[in-house]
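Report on the following structure.
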Amino acid sequence: MKNVVINSGRVCSPFDLYHSLNHVLQEFSNLPPVVDPFNRRNEVVRRKYGQSIFLEIPDNRTCADAGIGDEYCACTIPVKINSDRADVRMAVEIAIGQINKMVPPQCSKVHLTKIFAAGARERAIQTEFVHLALYTVVFFVDPGHFLFEATLEYRSDVKNFIVKGNVARANPMKTDRSCINDDELERYCYCL
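Our numbering runs 130 ahead of the 1-based position in the sequence shown.
Structure below.
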């Protein structure tokens with residue numbers, strides 16, 4: 131139990147829960163060990179992330195080590211930044227561009243109506259040549275008055291943003307979505 135207490139202050143993920151439950155099964159049951167899954171070609175697929183919380187998790191474990199995406203990592207808290215900044219506007223426009231690339235022709239292209247909030251945090255990996263920062267932006271678009279949140283990485287070497295993960299819809303879907311039959315894309319679609 132000592133390791134569980136130690137690990138309570140360390141970076142953990144649902145992958146660790148999986149390995150912890152397997153650990154309990156191996157210690158306290160007569161069941162055979164759980165094997166890694168097989169893919170369609172019957173090849174073993176090794177689990178890349180996770181370890182039992184009954185074993186000590188390294189204190190320098192990062193979100194990436196634990197399999198937690200940048201957009202969900204709580205190790206660093208974004209610092210609120212002014213929504214009127216040019217870099218924030220650029221980040222939002224890139225996120226909107228990604229939305230507009232995904233929607234099919236029967237859906238309207240969206241455009242920015244308001245930047246609601248923005249925050250930035252430094253990435254742990256920095257060099258003398260490359261500065262990395264993560265921006266989180268929350269913005270409204272029309273038509274539909276949809277509210278979205280996106281996390282983007284800024285790289286100083288290419289002076290550009292890259293969307294990390296999905297652009298998330300943050301308000302309920304109240305508009306007609308009958309023109310689309312795709313659960314993933316309907317959150318971005320305003321039917322024409």
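Where a beta carbon is used, it is the ideal one built from N, C-alpha and C, also for glycine. Because the structure is a prediction, the values reported are computed rather than measured.
Within 10 angstroms of its Cβ, does residue i collect 16 or more other Cβ (buried), or is it exposed?
i, result
"Q181", "buried"
"T266", "buried"
"Y318", "buried"
"H248", "One detail in the question is off: residue 248 reads as Ala in this sequence, not His. Counting Cβ neighbours within 10 Å, A248 comes out buried, since at least 16 surround it."
"L282", "buried"
"L161", "exposed"
"V209", "exposed"
"S150", "buried"
"D146", "buried"
"N137", "buried"
"L322", "exposed"
Please check the pair residue i and residue j, which I expect to be a contact at CB under 8 Å, by giving their CB distance rounded to whole angstroms.
i, j, result
"A300", "L277", "4 Å"
"V218", "I211", "6 Å"
"I310", "P235", "Not quite, the Cβ-Cβ distance comes to about 11 Å (not below 8 Å), so this is no contact."
"E314", "M303", "Actually they do not touch by this definition, with Cβ atoms about 13 Å apart."
"C205", "V141", "6 Å"
"V271", "T305", "Wrong, their Cβ atoms sit about 12 Å apart, outside the cutoff."
Assuming contact is defined by CB atoms lying nearer than 7 Å, are residue i and residue j in contact in what I supplied?
i, j, result
"A280", "A225", "yes"
"P273", "Y320", "yes"
"N133", "F184", "yes"
"Y179", "G199", "no"
"I229", "V222", "no"
"H261", "S238", "no"
"F246", "F269", "yes"
Next item on the list: Scan the stretch 208-262 and note each continuous alpha helix (DSSP H) run of 4 residues or more that stays entirely inside, going in chain order.
Entry: 216-232
Next item on the list: Please specify which runs of the beta strand (DSSP E), each continuous and at least 3 residues long, are wholly inside the stretch 274-321, giving them in chain order.
Entry: 276-285 and 290-299
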